[in-house]
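See structure below.
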Amino acid sequence: MKILNEIVQPGETKTINLEIAKFHTATKLKIPIIVSRSKIDGPTVLLSSGLHGDELNGIDIVRQIIFKKINIPKRGTIICIPVINIFGFINKTREFPDGRDLNRMFPGSKNGSLASRFAYHLVNYILPLVDYVIDFHAGGQSRFNAAQLRVAPGNDELEDLAKIFHPPFLLYSNNISGSFRSACSKKGIKALLFEGGKSMDINSNISTIGIEGTMRFLNHFGMLRDQFEITEPQDKMTTITNSAWMRAKVSGLLIDQISVNTFVKKGTILASIADPYGKESALIKAPHEGYIINVNDVPIVYQGDAIFHISKKIKHD
46 MKILNEIVQP
56 GETKTINLEI
66 AKFHTATKLK
76 IPIIVSRSKI
86 DGPTVLLSSG
96 LHGDELNGID
106 IVRQIIFKKI
116 NIPKRGTIIC
126 IPVINIFGFI
136 NKTREFPDGR
146 DLNRMFPGSK
156 NGSLASRFAY
166 HLVNYILPLV
176 DYVIDFHAGG
186 QSRFNAAQLR
196 VAPGNDELED
206 LAKIFHPPFL
216 LYSNNISGSF
226 RSACSKKGIK
236 ALLFEGGKSM
246 DINSNISTIG
256 IEGTMRFLNH
266 FGMLRDQFEI
276 TEPQDKMTTI
286 TNSAWMRAKV
296 SGLLIDQISV
306 NTFVKKGTIL
316 ASIADPYGKE
326 SALIKAPHEG
336 YIINVNDVPI
346 VYQGDAIFHI
356 SKKIKHD
């Protein structure tokens, strides 16, 4: 396998540095890409995270996969990129220094903005080698996502792969123009998008779900080595075919939020929004029954802020 002008031989694990730009200090910027090949032919799986530099839970999942040597395949090839947006990771921000969201810049441009150039290199130098992708994310702006996979509706193969990964929730979500997932789809690459946790936070339970799901995924393709034990999921996976965001009707302190993953009935009190002077307190009630799959963990909200994501239509697998 030739990747970024370097050869990775069968049976070899090699770290290849992607160099696109420098810091303003003239220091070289290197993005490590860990490539592990088996001596036995098989598919190539990309495990990526850190498209948004502040989504640490995804980075922790890929980090642990490398640390535990789960990324060394029994057959085929596993490529790991723990931190794609190294600028955002260093600055603890979602965006690139140019203010752009990398996950809206695909397929990118060789001579475009900094974020666009990163997207271009991923699409043209990494994706042509790949058959499958699991891209790990977390909720942005302190919104805690329940562990979930997202796939576009109507793709039976992706749904089957999601069932093998088996997170608590599978959410139907159309591919967004300019996203990494959309770029994968256009190249015929099967991509699963994992969401779990929130920005600037590492939740061990979310990491465990992501790692165990990845192991089941790799085992399905005969890529997981024999020394690793597969953990069978204890609960059914809930498929959410439709969902809705609830937004704050007033501004104030967000108090006593209900926990993520909770199934609620119509009228269930989810939280309250109070003014800081003790005069008013508005209850937030569920508009319909469903699972709470995202909770806004910030203590202060403004009118119109997204505060809960709740399922509307579900089915169990």
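In terms of this note's numbering, the sequence shown is residues 46 to 362. For each residue, glycine too, the CB sits at the ideal point set by N, CA and C.
Sequence-distant partners of ILE126 (beyond 5 residues in either direction) whose C-beta falls short of 6 Å from its own C-beta, in its chain, are ILE78 and SER93.
Annotation for THR58: no alpha helix (DSSP H) segment contains it, though the beta strand (DSSP E) segment containing it runs 58-63. Residue range 283-292 is occupied by the beta strand (DSSP E) that includes ALA289. Counting along the chain, the unbroken alpha helix (DSSP H) around THR259 starts and ends at 249-265. In this chain, LYS208 is not harboured by any beta strand (DSSP E); it is covered by the alpha helix (DSSP H) spanning 201-210. Taking a contact to require three or more Cβ pairs closer than 8 Å, the stretch 264-272 and the stretch 296-307 do not qualify as touching.
If you draw a 10 Å sphere on the C-beta of ILE52, you find fewer than 16 other C-beta atoms in it, and that means exposed. Secondary structure note for LEU269: it is in no alpha helix (DSSP H), with a DSSP letter that is neither H nor E. Considering only LEU216, THR122 and PRO212, the residue with the shortest C-alpha distance to PRO198 is LEU216. Going by C-alpha positions, ASN306 is about 23 Å away from ASP99.
In this structure the stretch 58-78 does not touch the stretch 209-225; the number of beta carbon pairs closer than 8 Å is below three. Residue pairing for HIS182: DSSP places it in a beta bridge opposite GLU240.
Note on ILE123: 16 or more other CB atoms within 10 angstroms of its CB, so buried under the neighbour-count rule. The continuous beta strand (DSSP E) containing HIS354 extends over residues 351-361. The beta carbon of TYR165 sits closer than 6 Å to the beta carbons of GLY153, SER154 and LYS155 from its chain, once the five residues preceding and following it are set aside; these are given in chain order. Where ILE126 is concerned, the enclosing beta strand (DSSP E) starts and stops at 122-126.
Around the beta-carbon of THR283, 16 or more other beta-carbon atoms lie within 10 Å, marking it buried. If you ignore the 5 residues before and after LYS73, its C-beta comes within less than 7 Å of the C-beta of GLU64 and LYS67, all in its own chain and listed in chain order. Closest by C-alpha distance to SER83, out of TYR322, GLY121, LYS310 and PHE112, is GLY121. Of the candidates ILE104, ILE106 and PRO118, PRO118 places its Cα closest to the Cα of PHE266. Annotation: SER296 is outside any beta strand (DSSP E) and is labelled neither H nor E by DSSP. Inclusion of PHE134 and PRO142 in the CB contact set at 7 Å is not warranted, their separation being larger than that value.
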